[in-house]
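Following: one structure in structure tokens, then a few remarks.
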Ligand code: HEM
Ligand code: SF4
Ligand code: FES
């Protein structure tokens, strides 16, 4: 936990870069998931899932992604603990300084994302690893798993839909602060471009959150 | 104005402190906050009690000595001013004002509302200086500096080292202070000589002293009496990266 190996700034650099990397993952993930909405026959989604599940490059990349999460979470927790220690005895009067709201709750929204991640992997990834996904009956492409059916079955359960929607909203709060913060952390603050980065951050947070949310909602009501 | 005060009292560095309630009466709304504190202290001395210890010096917003966390904000409820520039008209008659010292591990309380800010001196010693050759005085205009750079350096150099940024930050981070110092030098030709070592040494010192890490919350900028911009923090992050990889 000491700063002997990596300074505070180096840790922030690593965290920010991993965070931005996770953003690209979310964009890809959402694009694939939306296929389920646009194609109720599940053919496109299942083909995409099949590709992601079998392509050797993606298989390797999957571990890079896990490492990205692990590093981001590890430094997030380490930095946060240092930050709590740095205050020492706190104030009696609640601090009233003007500040970015979501930045105050990054560790909490982060922990929620982590819990969500575990449950989410349990819902889909683990079943797939255990080979417990039913076979897709639709295409000629024999042996393809029906990942889409798994998703549809899950989201026919209203409780799960509500759970996903709430957790996705909390993820949105994390993302909203995260994007522009990462650019500031890697030293990219510029009179001309920073307003654009901030705008893009809000845009991405809203689009990613709304995008992921409409999937369970649409499936539930379909 | 009549006011109720809730003030942190702590006899010494190691003593266990507590909040004590006071009342002050007939305070002019034109009085400064520190004048109000003076009146309270005169009252206490008259009653034979120990006056409240607080830091101050110039009382005109330039030295950075005054501090105080007033009603949840460093330097009180006004923006871009120091506590010595705060006026009582910013408060309501009969209001309760909570007055606390800066709270940060590297700023231990010495007495009552006074904290030890020598951690900032250590940071300056770690790198906040430039090399100057001995000999004749060089012509100040001999080194060309672009107007934009000069302005940015002057803005950064406006930091008075008060520590409000640390006090306001939810992580007790000193990034705004350190980045102001790094920037004021890094922007000018005279500061380039030690630029790479400076940023690394100051960041290492900042970590060692136990200040927190930046989460880009920007409470520092909102509370800084000299309106130091967080763009300085980005500049420091940039300087640090370049220094590390080269
Ligand atoms: C979808 C996944 C995630 C994405 C895209 C993401 C993205 C980001 C980004 C870009 C930042 C800003 C980094 C910086 O300013 O240096 C950040 C900050 C943070 N993240 Fe995440 N994150 C994700 C998941 C998590 C998880 C699972 C945790 C678990 C604890 C977490 C904890 C944190 C914390 C504590 C911060 C604030 C730390 C700081 O600013 O120093 N994040 N996140
Ligand atoms: S950056 Fe602002 S708040 Fe921080 S020490 Fe300097 S003047 Fe005070
Ligand atoms: S006493 Fe000098 S700045 Fe307030």
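Protein chains in written order, with this note's numbering: chain A, 1 to 222; chain B, 1001 to 1246.
Don't be surprised by glycine CBs; every beta carbon is placed ideally from N, CA and C.
Just so it is clear, the structure is predicted and the values come from calculations on it, not from any experiment.
Beta-carbon neighbours of residue i, restricted to chain B and to distances below 8 Å
i             : result
residue 106/A : 1215
residue 13/A  : 1237, 1241
Whole-angstrom distance between residue j and residue i, CA atom to CA atom
i              : j              : result
residue 76/A   : residue 15/A   : 7 Å
residue 40/A   : residue 148/A  : 9 Å
residue 82/A   : residue 1212/B : 6 Å
residue 1007/B : residue 1035/B : 16 Å
residue 214/A  : residue 112/A  : 20 Å
residue 1220/B : residue 1227/B : 9 Å
residue 13/A   : residue 1106/B : 24 Å
residue 1042/B : residue 1048/B : 10 Å
residue 1052/B : residue 1112/B : 6 Å
residue 1/A    : residue 1238/B : No answer about residue 1/A holds up, because its pLDDT of 42 lies below 50 and its placement is not dependable.
residue 91/A   : residue 1229/B : 25 Å
residue 43/A   : residue 59/A   : 21 Å
residue 1185/B : residue 1134/B : 19 Å
residue 57/A   : residue 1225/B : 54 Å
residue 99/A   : residue 1014/B : 33 Å
residue 146/A  : residue 78/A   : 40 Å
residue 1011/B : residue 118/A  : 51 Å
residue 1040/B : residue 1024/B : 6 Å
residue 1119/B : residue 163/A  : 47 Å
Minimum Cβ-Cβ distance from residue i to chain A less than 7 Å
i              : result
residue 1055/B : no
residue 1223/B : yes
residue 1168/B : yes
residue 1207/B : yes
beta-carbon residue i near the ligand FMN non-hydrogen atom, thresh 6 Å
i              : result
residue 1061/B : Absence of the ligand FMN from the depicted structure is noted, with the ligand HEM, the ligand SF4 and the ligand FES being the only ligands included.
The ligand FES heavy atom lying under 6 Å from the CB of residue i
i              : result
residue 1057/B : yes
residue 106/A  : no
residue 1066/B : yes
Closer than 7 Å to chain B by CB, residue i
i             : result
residue 1/A   : With a pLDDT of 42 at residue 1/A, under the threshold of 50, the modelled position of that residue is not reliable, and the figure given next carries that caveat. Output row for residue 1/A: interface = no.
residue 89/A  : yes
residue 96/A  : yes
residue 199/A : no
residue 62/A  : no
beta-carbon residue i near the ligand SF4 non-hydrogen atom, thresh 6 Å
i              : result
residue 1159/B : yes
residue 206/A  : no
residue 1076/B : no
residue 1170/B : no
residue 1195/B : no
residue 1128/B : no
residue 1226/B : yes
residue 1163/B : yes
residue 1180/B : yes
residue 1177/B : yes
C-beta atoms of residue i and residue j nearer than 7 Å
i              : j              : result
residue 1223/B : residue 1168/B : yes
residue 201/A  : residue 173/A  : no
residue 161/A  : residue 220/A  : yes
residue 183/A  : residue 206/A  : no
residue 1161/B : residue 1076/B : no
residue 1178/B : residue 1154/B : no
Proximal residues of chain B, C-beta to C-beta of residue i below 7 Å
i            : result
residue 9/A  : 1203, 1237, 1240
residue 79/A : 1213
Near the ligand HEM: residue i beta-carbon under 6 Å from a heavy atom
i              : result
residue 1174/B : no
residue 15/A   : yes
residue 168/A  : no
residue 178/A  : yes
residue 1184/B : no
residue 1188/B : no
residue 12/A   : yes
9 Å Cβ cut-off: residues of chain B touching residue i
i             : result
residue 31/A  : None at all; the shortest Cβ gap to chain B is about 28 Å.
residue 186/A : 1234, 1237, 1238, 1241
residue 59/A  : Result: empty, since nearest Cβ-Cβ is about 32 Å, beyond 9 Å.
residue 130/A : Going along chain B, no residue has its Cβ under 9 Å from residue 130/A, so there is no contact; the nearest lies around 39 Å.
Contacts of residue i in chain A (Cβ-Cβ under 7 Å)
i              : result
residue 1218/B : 99, 100
residue 1231/B : 189
residue 1098/B : 92, 93
residue 1172/B : 86, 87
Listed by chain order, chain A residues near residue i by CB distance under 9 Å
i              : result
residue 1145/B : Within 9 Å Cβ-Cβ: nothing; residue 1145/B doesn't reach chain A, min ~19 Å.
residue 1019/B : 92
Per-residue contacts from residue i into chain A (C-beta, under 8 Å)
i              : result
residue 1105/B : 85, 86, 87, 88
residue 1148/B : Within 8 Å Cβ-Cβ: nothing; residue 1148/B doesn't reach chain A, min ~10 Å.
residue 1210/B : 85, 86
residue 1071/B : 93, 96
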